[in-house]
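Protein chains in written order, with my numbering: chain S, 532 to 821; chain V, 986 to 1302; chain H, 326 to 559.
Written below as structure tokens is the structure these notes are about.
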Amino acid sequence: MQGLLHQLISGLTTGGIYASLALALVMIYQATHHVNFAQGEMATFSTYIALTLIEAGFPYWVAFALTLVTSFAIGAVIERVLMRPMANAPVLASVGIFIGLLLIFNSVTGWIFTYTLRPFPSPFGEGAPLLGGLVSRHEAGSAGVTLAVLVLVFLFFRFTKVGLAMRAAALNPVSSRLVGVRVGRMLALGWGLAAAIGAVAGMMVAPVVFLDPNMMGGVLLYAFAGALLGGITSPVGAVVGGFLVGVMENIGGAYIVGTELKLTIALIIIVAVLVLKPSGLFGRVVVSRV
Amino acid sequence: MLAWAALLAFAAVVPTLLASNYQLFQLTMVAVYAIAILGLNIVTGFNGQISLGHGAFFAIGAYVTAILMSNYDWPYWLTLPVAGVACGVVGYLLGFPALRLGGLYLALTTLALAVATPQLLKYKLLEDWTGGVQGVTISKPDPPFGLPLSQDQWLYLFALAVGAVLFLLTANLVTGRIGRAMRAIRDHPLAAEAMGIDVAQFKTRTFAVGAALTGIGGALDAVAVQFVSPDSFGSFLSIVLFVGLVVGGVGSIPGTILGAVFIEFVPLVAQGISDAAPGAVYGAILIAFLFLLPSGVAGMLRSGWTRLAKTANAIKR
Amino acid sequence: MLLELRALHAGYGDTQVLHGIDLAVPESGVVSLLGANGAGKTTTMRAICGMIARSGEIRFAGERIDGLSTEDIVRRGIAHVPDGRGTFVELTVHENLRLGAYTRRDSAVASDIERMLTLFPRLKERLAQQAGTLSGGEQQMLAIARAMLMRPRLLLLDEPSFGLAPLIVQEIFRIMRRIRDDGGVSLLLVEQNASLALAIADTAYVLETGQIAMSGTAEEIGRDEAVRRAYLGY
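Written out as structure tokens, the structure reads:
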């Protein structure tokens, strides 16, 4: 029982990271109907930036904040430079561009920071586990941070003017322009925000798995599974999906298939969702009128 | 047609006589990749289904060959059709669910497959066959009938022959009725459906054929390299095949060969700069091609050729 | 003149729909644009708002706007109620209204929204509902309310009566008359329902296959034999 509880809580913690990345994916999908295959690599790059700042002497949370700002900027620039011209391209072309981005980010990260595994500090201390040994300090802190991010994003979209405008631009760009919303700017903002959220996910995961250029490959896969499971058209769904995948991955890995096949679990979830309920738990099927 | 036959003859004779063993190995690898990209081209280029996971079929083909040769002493050439069939079956089963939804979801699923493949190959329960992390080693085949060729020369000619046959078969498939149906599905899926083509069934079968072809490429790869291990078949491979497809020319059979040349030789050049360079080069060239040369090198050559022909005609008059 | 179109050409891709039209909307006036299906009425509206490729002169309050983007055009004081309402169907009624006030920086937004809800009591009842669940008539009212919240100087209305029951249409036109009477806004109205359009307008234009066939006061146009036979049914 103790073991199961620990797996559950662990699953929720990693689930928080998947949920964050899934949210980033869904945000970009909602606005552009594209899946950012490079989201994981961008997050890894951001995490390295954080490490560089920390090693340069900045206190953790200052480095954290600076990394968020930098990641935001990078995301916004990519949208302007690369995505804008590709807005009306066929699916094959846009998928290709994202893959190209993935490759570039991955290689540049490796080139600048080398491929040796690096430890990444956790701001929550290495002290004794909490909750009677069920949760490590980092797990608890990471869960808190990701939860805070998700709540802030939710509040932003629900209650601020810009958040509303971003949602409107994603849902109906034509009508948005008619009320004066600068749709292009909203897209760049969305990309920036998604990149920043990805950076948070990266910085929370790195202390656990150690930082290396290929760190986010598997995490991205879980985030995909979570986004699909929750419904790629629903931000709330993506978050719920991410948490569910985290739990499933942990419990499945511990009790069913063993930790070596955890990625396969993600694959199975993806295929299962697409076969049984493509719109996910909370999403709506996009009906294309013939 | 005559031009291709001449080209084939040239390719068979000249390198065999002049190239070093290592160069022959490189050319063999070009053939291997050409066959692999051909499989991807069938699916993505001619049928419009985006696959980012064809490396998985390459891996399956390679492992089938390696296991049959090392555990059951099969002759190398016999393993190729088995690899093809095995991949075809897996492709069919995978195609079933994923192809019902288009573009993006298929790309996602196949990428997931690509990422999960190395883990699957390392799986403990399959270790007796797959050799786990260490992989499987097989021995280099000798030329048959005591022909006066080195092992590398024979391997090259063998790969060339297999490639030529597969390319011929595929070209026939693609120019015929089936090919037209494939392209109809790619360009106007609703119209194709309305015309009575069972789109779902067709897509799945096309996916199976594409998987089989790439699987044979993988089988050849195992024979050429004499070694298979899980980490050589990661998601990078699938992505590299995709890049080769775009660079060579999506939907172009001759382009496939150009794409294979690209992915065989570019990393060698790029690695001189740094270990990380090949990825960045692939990424940059991929994006550049998608913006500037969406029909790949083959497309560029074709339009250049057409322009040349037009000018020649104009001058004639 | 608040709005002036001079030799306006517009179309979609290779298809030219407008072949050089001249049109003017005065300050605090109502202008109706009549015409059959396909004449180019909606195209004219879209051209004014920069939603499609166009050439020629469009002047708003003396300034040329024919080269600007939609967002910049509407920020100068033009509100467009498009054909099909253009409602944000996934957002709530309240969020739709808030979007109408998006570009405004003044503090009167809340009181303006209140005013709109008094003008459109049905919207007040459904404030938290998803806009897509509203009836056609209610969505039309929402679209008009949203446009009015922009405090425009010119209100473009594209087929406000389309697909609506006669009683609802009456109510909508009553609201439009109220807007006209309150003053401060000019209206450019595109309507297939010619009699309603002429009843509310000061001046009218008749558009036929991308060209202005006739123009004059609403009375003149309404009395014209050809117009009566073609558009008024008698």
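Don't be surprised by glycine CBs; every beta carbon is placed ideally from N, CA and C.
Which term fits TYR786 of chain S, buried or exposed, when burial requires 16 or more other beta carbons within 10 angstroms of its beta carbon? Numbered from its first residue, the first sequence carries residue 786 of chain S at position 255. Classification of TYR786 of chain S: exposed, given that the 10 Å Cβ count is below 16.
Would you please state the rounded distance, in angstroms, between the beta carbons of ALA1016 of chain V and GLY1148 of chain V? I believe it to be under 8 Å. Here residue 1016 of chain V refers to the residue found at position 31 of the second sequence. Here residue 1148 of chain V refers to the residue found at position 163 of the second sequence. Contact flag correct, Cβ pair sits at about 5 Å.
What separation, rounded to the nearest whole angstrom, lies between the Cα atoms of PRO766 of chain S and ALA725 of chain S? Looking up residue 766 of chain S in the first sequence gives position 235. Looking up residue 725 of chain S in the first sequence gives position 194. Between PRO766 of chain S and ALA725 of chain S, the C-alpha separation is close to 12 Å.
With H, G and I counted as helix, E and B as strand and the rest as coil, what does DSSP make of ALA378 of chain H? Your numbering for residue 378 of chain H matches position 53 in the third sequence. For ALA378 of chain H, the three-state secondary structure derived from DSSP is strand.
Given 8 Å, three or more beta-carbon pairs between the segment 365 to 372 of chain H and the segment 527 to 537 of chain H: Of all C-beta pairs linking the segment 365 to 372 of chain H to the segment 527 to 537 of chain H, three or more are shorter than 8 Å, placing the two stretches in contact.
Residues of chain S with a CB under 7 Å from the CB of HIS405 of chain H: which are they? In the third sequence, residue 405 of chain H corresponds to position 80, counting from 1. Result: LEU709.
Does the Cβ of TYR530 of chain H lie closer than 8 Å to at least one heavy atom of the ligand NAD? This structure lacks the ligand NAD; in fact it carries no ligand of any kind.
Nearest chain V C-beta to TRP642 of chain S closer than 9 Å, yes or no? On the first sequence, position 111 is the one that residue 642 of chain S refers to. For TRP642 of chain S, the answer is yes, since a Cβ of chain V falls inside 9 Å of its Cβ.
Would you say GLN1104 of chain V lies against chain S (beta-carbon separation less than 9 Å)? Counting from 1 along the second sequence, the entry for residue 1104 of chain V is found at position 119. Closer than 9 Å to the CB of GLN1104 of chain V there is at least one CB belonging to chain S.
Could you check the C-alpha separation between LEU359 of chain H and VAL608 of chain S for me, to the nearest Å? Walking along the third sequence from the start, residue 359 of chain H turns up at place 34. Walking along the first sequence from the start, residue 608 of chain S turns up at place 77. LEU359 of chain H and VAL608 of chain S: Cα-Cα distance of roughly 46 Å.
8 Å CB neighbourhood of GLY658 of chain S in its chain, flanking five on each side removed: For the purposes of this step, residue 658 of chain S is taken as residue 127 along the first sequence, with counting starting at 1. For GLY658 of chain S, where only same-chain residues beyond five positions count, the Cβ hits under 8 Å are ARG668.
How close, in whole Å, do the beta carbons of SER541 of chain S and ASN781 of chain S come, if the pair is a contact with beta carbons under 8 Å? Here residue 541 of chain S refers to the residue found at position 10 of the first sequence. Here residue 781 of chain S refers to the residue found at position 250 of the first sequence. In this structure SER541 of chain S is in contact with ASN781 of chain S, their Cβ atoms being roughly 5 Å apart against a cut-off of 8 Å.
Could you check whether the Cβ of PHE1276 of chain V sits closer than 9 Å to any Cβ belonging to chain S? Your numbering for residue 1276 of chain V matches position 291 in the second sequence. It does; some Cβ of chain S falls within 9 Å.
In this structure, how does DSSP classify GLY486 of chain H when only helix, strand and coil are distinguished? Looking up residue 486 of chain H in the third sequence gives position 161. For the sequence presented, residue 486 of chain H should be read as Ser rather than Gly. DSSP places SER486 of chain H in coil when its eight states are reduced to three.
Using 9 Å as the threshold, is the C-beta distance between GLY409 of chain H and ARG471 of chain H below it? The sequence position of residue 409 of chain H within the third sequence is 84, counting from 1. The sequence position of residue 471 of chain H within the third sequence is 146, counting from 1. Taking C-beta atoms as the reference points, GLY409 of chain H and ARG471 of chain H fail to come closer than 9 Å.
Whole-angstrom Cβ separation of THR1050 of chain V and ALA1068 of chain V, contact assumed at under 8 Å? Your numbering for residue 1050 of chain V matches position 65 in the second sequence. Your numbering for residue 1068 of chain V matches position 83 in the second sequence. 5 Å between Cβ atoms; contact.
So, is the C-beta of VAL818 of chain S closer than 9 Å to a C-beta in chain V? Within the first sequence, numbered from 1, the residue matching residue 818 of chain S stands at position 287. Below a pLDDT of 50, predicted positions are generally treated as unreliable, and VAL818 of chain S, at 47, falls in that range; the measurement from the model is reported next regardless. Output row for VAL818 of chain S: interface = no.
Spell out whether any CB of chain S is found under 9 Å from the CB atom of SER394 of chain H. As a working note, residue 394 of chain H is residue 69 in the third sequence. Yes, contact with chain S.
With DSSP as the reference, please indicate the residues paired to ALA754 of chain S in a beta bridge. Locating residue 754 of chain S in the first sequence gives position 223, where the first residue counts as 1. ALA754 of chain S is not bridged to any residue.
Grab me the residues of GLY1030 of chain V's own chain with a C-beta within less than 6 Å of its C-beta, minus the 5 sequence neighbours each way, in chain order. Working through the second sequence from its first residue, we reach residue 1030 of chain V at position 45. For GLY1030 of chain V, where only same-chain residues beyond five positions count, the Cβ hits under 6 Å are VAL1235 and GLY1236.
Looking at the structure shown, is VAL821 of chain S part of a helix, part of a strand, or coil, going by DSSP? Position 290 of the first sequence holds residue 821 of chain S. Model confidence at VAL821 of chain S stands at a pLDDT of 36, short of 50, so the residue's coordinates are unreliable; what they give is reported in the following sentence. It is coil, neither helix nor strand.
Is there at least one Cβ from chain S nearer than 9 Å to PHE413 of chain H's Cβ? Along the third sequence, one-based indexing puts residue 413 of chain H at 88. Residue-level contact by beta carbon holds for PHE413 of chain H and chain S, with a gap shorter than 9 Å.
Sequence-distant residues of its chain with Cβ nearer than 7 Å to LEU1093 of chain V (five each side left out): Translated into the one-based positions of the second sequence, residue 1093 of chain V becomes position 108. Excluding sequence neighbours, LEU1093 of chain V sits near nothing in its chain.
Taking DSSP as the reference, what is the three-state secondary structure of ARG1168 of chain V? For the purposes of this step, residue 1168 of chain V is identified with residue 183 of the second sequence, where counting begins at 1. Looking at ARG1168 of chain V - three-state DSSP - the assignment turns out to be helix.
Could you name the residues of chain H that ALA696 of chain S contacts, counting a contact when the two beta carbons are closer than 8 Å? As a position in the first sequence, residue 696 of chain S is number 165, starting the count at 1. Under the 8 Å cutoff, chain H gives LEU424 and TYR427.
Which residues DSSP lists as bridging VAL1121 of chain V, in chain order: Here residue 1121 of chain V corresponds to residue number 136 of the second sequence, with the count starting at 1. Per DSSP, V:VAL1213.
Cβ-Cβ distance between VAL528 of chain S and GLY768 of chain S below 9 Å: Residue 528 of chain S cannot be examined here, being either before or after the span of chain S that is shown, 532 to 821.
Taking all protein chains shown into account, decide if ARG499 of chain H is buried (16 or more other Cβ within 10 angstroms of its Cβ) or exposed. Position 174 of the third sequence, counting from 1, holds the residue named residue 499 of chain H. With fewer than 16 other CB atoms across the displayed protein chains lying within 10 angstroms of its CB, ARG499 of chain H is exposed.
Given that VAL350 of chain H touches chain S, what residues does it touch there, using C-beta distances under 9 Å? Your numbering for residue 350 of chain H matches position 25 in the third sequence. Within chain S, no residue comes near VAL350 of chain H; the closest Cβ sits about 18 Å away, beyond 9 Å.
Where does MET697 of chain S fall in DSSP's three states? In the first sequence, the residue the question calls residue 697 of chain S occupies position 166. In this structure, MET697 of chain S counts as helix in the three-state DSSP scheme.
GLY345 of chain H, enclosing beta strand (DSSP E) - first and last residue: Stepping through the third sequence from its first residue, residue 345 of chain H is reached at position 20. Going by DSSP, GLY345 of chain H is part of the beta strand (DSSP E) stretching over 340 to 350.
By a C-beta neighbour count over all protein chains shown, 10 Å radius and 16 as the cutoff for buried, is ASN619 of chain S buried or exposed? The count along the first sequence starts at 1 and reaches residue 619 of chain S at position 88. With fewer than 16 other Cβ atoms within 10 Å, it is exposed.
To the nearest whole angstrom, what separates the beta carbons of LEU1154 of chain V and LEU1025 of chain V, a pair I think is in contact under 8 Å? Reading the second sequence from its first residue, position 169 is the one you call residue 1154 of chain V. Reading the second sequence from its first residue, position 40 is the one you call residue 1025 of chain V. Actually they do not touch by this definition, with Cβ atoms about 16 Å apart.
Would you kindly report the start and end of the unbroken beta strand (DSSP E) that includes GLN536 of chain H? Position 211 of the third sequence, counted from the start, is the residue given in the question as residue 536 of chain H. For GLN536 of chain H, the enclosing beta strand (DSSP E) begins and ends at 536 to 542.
Taking Cβ positions only, does ALA1269 of chain V come closer than 9 Å to chain S? Position 284 of the second sequence, counted from the start, is the residue given in the question as residue 1269 of chain V. Output row for ALA1269 of chain V: interface = yes.
Burial state of ARG820 of chain S, where buried means 16 or more other Cβ atoms lie within 10 Å: Position 289 of the first sequence, counted from the start, is the residue given in the question as residue 820 of chain S. Residue confidence is low: ARG820 of chain S scores 35 on pLDDT, short of 50, so the model does not pin down where it sits. Its coordinate-derived value is still stated next. By the neighbour-count definition (other C-beta atoms within 10 Å, threshold 16), ARG820 of chain S is an exposed residue.
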